[in-house]
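Just below is one structure, and these are the notes that go with it.
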Amino acid sequence: MSQMVTDLLTGLNEQQQRAVTTTEGPVLVVAGPGSGKTRVLTHRIAWLIQQMNVHPSQILAVTFTNKAAREMRDRIEKLIGVDATDGLVMGTFHSLGVRILRQNPGRVAEQLQLQPNFVIYDDGDQMELAKTAVKNANLDPKQITPRRMLSRISAAKSVLQTPTDVATEAQSYDDEIVARVYTEYEKLLRAANAVDFDDLLGLPIRLFDQDPGTLARYQQQFRYILVDEYQDTNRVQYVMVSALAEMYGNLFVVGDPDQSIYGWRQADIRNILDFKNDYPSANEIHLEQNYRSTGRIVQAADRVIRDNKDRIDRKMTTVNDDGEMIQLRELADQQHEAQWIVSEIRRIVSAHKVLPEQIAVMYRTTAQSRVLEEAFRTSEFRYQIVGGVRFYERREVRDIMAVLRVLYNPADTVSLLRVIDNLPIGKGFGPAAFETATKWATEQRRPLLDALLTQVPSIANQETGPLPHFSGAGLKGAARIGTAFAILREKKNELTLAEIFDQIVEVMEVRKMFETGTEEDLQRWANVQELRTDLERYDLVPSAEALPAYLEQVALISDADTIKDDNIGSVTLITLHSAKGLEYPAVFIAGAEEGLLPIYRAVEAEAFDESAMEEERRLFYVGITRAQKLLYITYAQSRMTHGQYRAGTISRFIEPIPAESMRRVTREAHRTSAKPREYGRTEPGSFTSRVQQPWGNAPVPKKVLPVIPDFQEGNVVFHPKFGEGTVTSVTARRDNDKEVTVAFKKAEYGTKRLMASLANMDIIS
DNA sequence: TTTATCCCTATTTTT
DNA sequence: TAGGGATAAA
-4 MSQMVTDLLT GLNEQQQRAV TTTEGPVLVV AGPGSGKTRV LTHRIAWLIQ
46 QMNVHPSQIL AVTFTNKAAR EMRDRIEKLI GVDATDGLVM GTFHSLGVRI
96 LRQNPGRVAE QLQLQPNFVI YDDGDQMELA KTAVKNANLD PKQITPRRML
146 SRISAAKSVL QTPTDVATEA QSYDDEIVAR VYTEYEKLLR AANAVDFDDL
196 LGLPIRLFDQ DPGTLARYQQ QFRYILVDEY QDTNRVQYVM VSALAEMYGN
246 LFVVGDPDQS IYGWRQADIR NILDFKNDYP SANEIHLEQN YRSTGRIVQA
296 ADRVIRDNKD RIDRKMTTVN DDGEMIQLRE LADQQHEAQW IVSEIRRIVS
346 AHKVLPEQIA VMYRTTAQSR VLEEAFRTSE FRYQIVGGVR FYERREVRDI
396 MAVLRVLYNP ADTVSLLRVI DNLPIGKGFG PAAFETATKW ATEQRRPLLD
446 ALLTQVPSIA NQETGPLPHF SGAGLKGAAR IGTAFAILRE KKNELTLAEI
496 FDQIVEVMEV RKMFETGTEE DLQRWANVQE LRTDLERYDL VPSAEALPAY
546 LEQVALISDA DTIKDDNIGS VTLITLHSAK GLEYPAVFIA GAEEGLLPIY
596 RAVEAEAFDE SAMEEERRLF YVGITRAQKL LYITYAQSRM THGQYRAGTI
646 SRFIEPIPAE SMRRVTREAH RTSAKPREYG RTEPGSFTSR VQQPWGNAPV
696 PKKVLPVIPD FQEGNVVFHP KFGEGTVTSV TARRDNDKEV TVAFKKAEYG
746 TKRLMASLAN MDIIS
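No gaps in the numbering here: position 380 of the first sequence is 375 in our numbering, and each next residue is one more.
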């Protein structure tokens, strides 16, 4: 026994040990970045199982991503053995929610009017629903944007407000509109036998309210509850945790108020700040020693976050070496920025300082990833983009998935509409016909798919009630689509998912979608086939279980879950939000500019509300603290936004970083219109740079915007990528820019229309 | 009903 | 820039 005790506590500092061994009662751990919080969580669970003889099934651990859950389980197994975690309940709040709903089908149907084969609607589906809801509420989608309605609805659900609550508490006409749309939205959702992400949290709570016995069973089961990233929980999550922990009170939460970055998703920082009020007997433990980063990085992070006013003063310390200087680099625009990052990675990799998989490039907006990806694609480096256009969000993949979803839940209107609109089989079945089907389904209280199935001769004669009245093309279409689904339905229980896929391709005439033979078509067809490979993972799962399991897995997968650790040789491109909880030896933070980081919206709101700005600062703080050894921050003098170049200013967040910790390289402004720049290379190095005194004494250099030559028809011009060409026409645009049509010498580039301001061309003659 | 074309606007972050 | 939505024509 004593041997094991030492095993689980070895190498932990005093506070960490306390966090591991204080098993009874509420415990709040405030854990700074790199302070060994994951270690504490894993060791604590191991401790509970091994030292306290707690059965794993009595422990609930809530993590921020499924990947984090998997990793923690692995680490615990390494500590106490492979089978020792059997029964341990570990996952995200959302997966816990689904679990509760799926485990109680009878009560869910009875209390929540949700059939066991409900599907989870993702944001694309939700958007469709919101559009319809706005129309059903007789509102103009142009004024009342579905997008905004959706975010209001989500906000309401995050604080457990029903449409009635919103209506009752409405303070303005707009609130009333929200209530109306919300009401319609809920109707549609229930009619489709579907739930949205917020429901996965809210519905279990409603179930608990209406059926205390169910709650009691979970309270009974979960004697020990652990919650990671507690600073990012919202009201519903708070209520769920409090409810579950009520019986035993062994609630262990870990978080860092300085890393709260999901306020916009209704995360409520008060949950962590008020923990001591909620649980007066709580033990509070602070982990303040950073084991992750160099001294310079820790200090920089500390200085940055100190500018936040709404914050508990804490100091992060480290005994690590000062390490390398932080590098701040100014680049001309986003292309140069991307190029520079690639070449700097090349430099540090070839100097054998780091491996590509130890490097991450982080950015504020997903849009930034496109340019970065382009730079990596044309480089020798492999890369993985976390998030961005997700595989399951590709149109063609979703189209096929929609068939699977209808097969599972024939009431899924959004998916059925998707099938009709996007698959060849739906041709001829237009809005009018769809309306007929919807009306019938609503009146008859039948799943929407049945409207089409009634048009299949062999099924129609078993119908007793009234049939929908399709006309013309709609009639033929309904029969065709209905027959296809009937065939699939017939076979679905005997086939594996991959085999069902093959049937779908055949019956739904999927190949017709990719007949033009263009490169794009080939790629999309390849994606569809990749979906088949993905489905094969479920080959060994019994057919009846495979479909729901697969759909659920896809619905709950998160960006961070897609990170591959075995992607050796790949650089990671990731948003700052998704990077939370991760660490890399080398980190690049791109786009440290006003308007981007902090984001424009926060700057706008700053005058009357500083909270958004403070959240931006925390986001930057999260970015900095991901770095172990090397930290690079880049910004561009001008950047393309809304299709136009816009001059940028360095982010205000850079300023507090100590000058002596940072090496700042700016772009030297030496280019003038009188001296045409060198042709050819636009790679980094083609412009001169100089090391400047770090912040403070040197004023920010005056920006020189590139001079745009006055292109005329007949000019011979040089383009850095396409080479020489002749201007065939010039058109002035409203935005003071000019559109220049150039016939390039090299036939492969042909004739292109270029924006004068962007093209980076010079006149040769 | 479908398709082509044009115009407009939006860009924050995600379970 | 790009994607969505409106409009017009077949």
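Think of the CB as a built atom: it goes at the ideal place given N, C-alpha and C, for glycine as much as any other residue. The structure presented is a predicted model; accordingly, all values stated were derived computationally and were not measured.
When DSSP labels each residue in this structure, what does THR18 get in the three-state scheme? If you number the first sequence from 1, residue 18 lands on position 23. DSSP places THR18 in coil when its eight states are reduced to three.
Complete runs of the alpha helix (DSSP H) confined to the segment 385 to 472 [at least 4 residues]: 390 to 403, 408 to 417, 426 to 439, 443 to 448, 452 to 455
Member of MET635, GLN639, ARG658, ILE628 whose CA lies at the smallest distance from the CA of ARG647: As a first step, residue 647 must be located in the first sequence, where it is residue number 652. In this structure, ILE628 is the residue among MET635, GLN639, ARG658, ILE628 with its C-alpha nearest to the C-alpha of ARG647.
Residue range of the unbroken beta strand (DSSP E) whose run includes HIS331: Here residue 331 is taken as the residue at index 336 of the first sequence, counted from 1. From DSSP, HIS331 is part of no beta strand (DSSP E) but of the alpha helix (DSSP H) over 329 to 345.
Among GLN226, LEU109, ALA455, the one whose alpha carbon lies nearest that of ARG260: Position 265 of the first sequence, counted from the start, is the residue given in the question as residue 260. Of the candidates GLN226, LEU109, ALA455, the residue whose Cα lies closest to the Cα of ARG260 is GLN226.
Please check the pair GLN232 and PHE88, which I expect to be a contact at CB under 8 Å, by giving their CB distance rounded to whole angstroms. Counting from 1 along the first sequence, the entry for residue 232 is found at position 237. Counting from 1 along the first sequence, the entry for residue 88 is found at position 93. With a Cβ gap of about 5 Å, GLN232 and PHE88 count as contacting.
Residue(s) in a DSSP beta bridge with ARG377: In the first sequence, residue 377 corresponds to position 382, counting from 1. The partner list for ARG377 (beta bridge, DSSP) reads SER565.
Alpha carbon to alpha carbon, how far is ALA622 from PRO537? Give it in angstroms, no decimals. Residue mapping note: residue 537 aligns to position 542 of the first sequence, counting from 1. Residue mapping note: residue 622 aligns to position 627 of the first sequence, counting from 1. Whole-angstrom Cα-Cα distance: 44 Å.
Residue(s) in a DSSP beta bridge with MET657: Position 662 of the first sequence, counting from 1, holds the residue named residue 657. Among the bridge pairs identified by DSSP, MET657 is matched with ILE321.
Rounded to the nearest angstrom, what separates ASP604 and LEU350 at their Cα positions? As a first step, residue 604 must be located in the first sequence, where it is residue number 609. As a first step, residue 350 must be located in the first sequence, where it is residue number 355. Rounded to whole angstroms, ASP604 to LEU350 spans 42 Å at the Cα level.
Name the DSSP bridge partner or partners of VAL314? Taking the first sequence and counting its residues from 1, one reaches residue 314 at position 319. In the DSSP output, where bridge partners are listed per residue, VAL314 has none listed.
If contact is defined by three or more beta carbon pairs under 8 Å, each pair taking one atom from either stretch, is the segment 97 to 109 in contact with the segment 192 to 207? yes
For SER30, which of helix, strand or coil comes out of DSSP? Here residue 30 corresponds to residue number 35 of the first sequence, with the count starting at 1. Residue state, collapsed to three classes: coil.
Please list, in chain order, all residues of the same chain as MET(-4) whose beta carbon is under 6 Å from its beta carbon, the five residues on each side excluded. Translated into positions along the first sequence, residue -4 becomes position 1. Residue placement at MET(-4) cannot be trusted, given a pLDDT of 46 that sits under 50; the coordinates are not used to answer.
Applying the criterion that 16 or more other CB atoms from any shown protein chain within 10 Å of the CB defines a buried residue, is ILE321 buried or exposed? Position 326 of the first sequence, counted from the start, is the residue given in the question as residue 321. Buried, because 16 or more other Cβ atoms sit within 10 Å of the Cβ of ILE321.
Please classify ALA738: does DSSP put it in a helix, a strand, or coil? Along the first sequence, read from residue 1 onward, the residue named residue 738 stands at position 743. Correct three-state label for ALA738: strand.
Nearest to TYR616 (by Cα), restricted to the options VAL114, ASP253, ASP135: On the first sequence, position 621 is the one that residue 616 refers to. Checked all of VAL114, ASP253, ASP135; the closest Cα to TYR616 is ASP253.
With DSSP collapsed to three states, give me the class of PRO679. For the purposes of this step, residue 679 is taken as the residue at position 684 of the first sequence. Since pLDDT at PRO679 reaches only 32, below the 50 mark, its modelled position is unreliable, and no value is offered.
Own chain partners of THR209 with C-beta closer than 7 Å, once the 5 adjacent residues on each side are dropped: Mapped onto the first sequence, residue 209 falls at position 214. So the list reads ASN99, ARG102, LEU202, PHE203, once near-sequence residues are dropped.
Could you check where the alpha helix (DSSP H) with GLY618 kicks off and where it finishes? Position 623 of the first sequence holds residue 618. Counting along the chain, the alpha helix (DSSP H) containing GLY618 begins and ends at 606 to 619.
Have a look at PRO385 and ALA125 and give me their C-alpha separation to the nearest angstrom. Position 390 of the first sequence, counted from the start, is the residue given in the question as residue 385. Position 130 of the first sequence, counted from the start, is the residue given in the question as residue 125. In the sequence under discussion, the amino acid at residue 385 is Arg, which differs from the Pro named in the question. Rounded to the nearest angstrom, the two C-alpha atoms are 22 Å apart.
Inter-residue Cα distance where the pair is LYS422 and ILE415: As a working note, residue 422 is residue 427 in the first sequence. As a working note, residue 415 is residue 420 in the first sequence. Distance between the alpha carbons of LYS422 and ILE415 is about 7 Å.
Tell me the rounded alpha-carbon separation between VAL173 and ASP193. For this step, residue 173 is matched to residue 178 along the first sequence. For this step, residue 193 is matched to residue 198 along the first sequence. Cα-Cα distance, rounded: 16 Å.
Are the CB atoms of GLU610 and ILE256 nearer to each other than 8 Å? Residue mapping note: residue 610 aligns to position 615 of the first sequence, counting from 1. Residue mapping note: residue 256 aligns to position 261 of the first sequence, counting from 1. A contact, by the Cβ cut-off of 8 Å.
Go through its chain and collect everything with a Cβ distance to ASN562's Cβ below 8 Å, but skip five positions before and after it. The residue given as residue 562 occupies position 567 in the first sequence. Excluding positions up to five away in sequence, the list reads GLU352, ARG377, GLN379.
Enumerate in chain order the residues of its own chain whose CB-to-CB distance from MET47 is below 7 Å, with the five nearest sequence positions on each side excluded. Here residue 47 is taken as the residue at index 52 of the first sequence, counted from 1. For MET47, the CB contacts under 7 Å within the same chain, skipping 5 residues up- and downstream, are THR18 in chain order.
Around the Cβ of THR360, are there at least 16 other Cβ atoms within 10 angstroms (buried) or fewer (exposed)? Stepping through the first sequence from its first residue, residue 360 is reached at position 365. Burial call: exposed.
If you count every other CB in all the chains shown that lies within 10 Å of the CB of GLN167, and 16 or more means buried, which is it? In the first sequence, residue 167 corresponds to position 172, counting from 1. Here residue 167 turns out to be Ser, not Gln, going by the sequence shown. Flag for SER167 reads exposed.
CB-CB under 7 Å to GLU9, same chain, minus the five flanking residues each way: which ones, in chain order? Numbered from 1 along the first sequence, position 14 holds the residue referred to as residue 9. Taking GLU9 as the centre and dropping the five residues before and after it, the same chain places no C-beta closer than 7 Å to its C-beta.
Counting along the chain, where does the beta strand (DSSP E) carrying LYS575 start and finish? To locate residue 575, count along the first sequence from 1; it is residue 580. Segment: none, LYS575 is in no beta strand (DSSP E) and carries neither H nor E.
Which residue comes first and which comes last in the beta strand (DSSP E) that contains ASN278? As a first step, residue 278 must be located in the first sequence, where it is residue number 283. 278 to 282 is the span of the beta strand (DSSP E), which, as asked, contains ASN278.
DSSP three-state assignment for VAL695, whether helix, strand or coil: Residue 695 sits at position 700 when you count from the first residue of the first sequence. With a pLDDT of only 32 at VAL695, under the threshold of 50, the placement of this residue in the model should not be trusted; the figure read from the coordinates follows. The answer is coil: DSSP assigns VAL695 none of H, G, I, E or B.
For MET67, list the residues DSSP reports as bridge partners. Residue 67 sits at position 72 when you count from the first residue of the first sequence. None, per the DSSP bridge assignment.
Could you check the C-alpha separation between PHE509 and LEU418 for me, to the nearest Å? Walking along the first sequence from the start, residue 509 turns up at place 514. Walking along the first sequence from the start, residue 418 turns up at place 423. When rounded, the distance between both Cα atoms is 11 Å.
Pull up the distance between the alpha-carbon of PHE465 and that of ARG506, whole angstroms please. What you label residue 465 is simply residue 470 of the first sequence in a count that begins at 1. What you label residue 506 is simply residue 511 of the first sequence in a count that begins at 1. Using only the alpha carbons, I get a separation of about 27 Å.
Using a 10 Å radius around the Cβ and a threshold of 16 neighbouring Cβ atoms, would you call LYS152 buried or exposed? Here residue 152 refers to the residue found at position 157 when the first sequence is read from its first residue. With 16 or more Cβ atoms within 10 Å of its Cβ, LYS152 is classed as buried.
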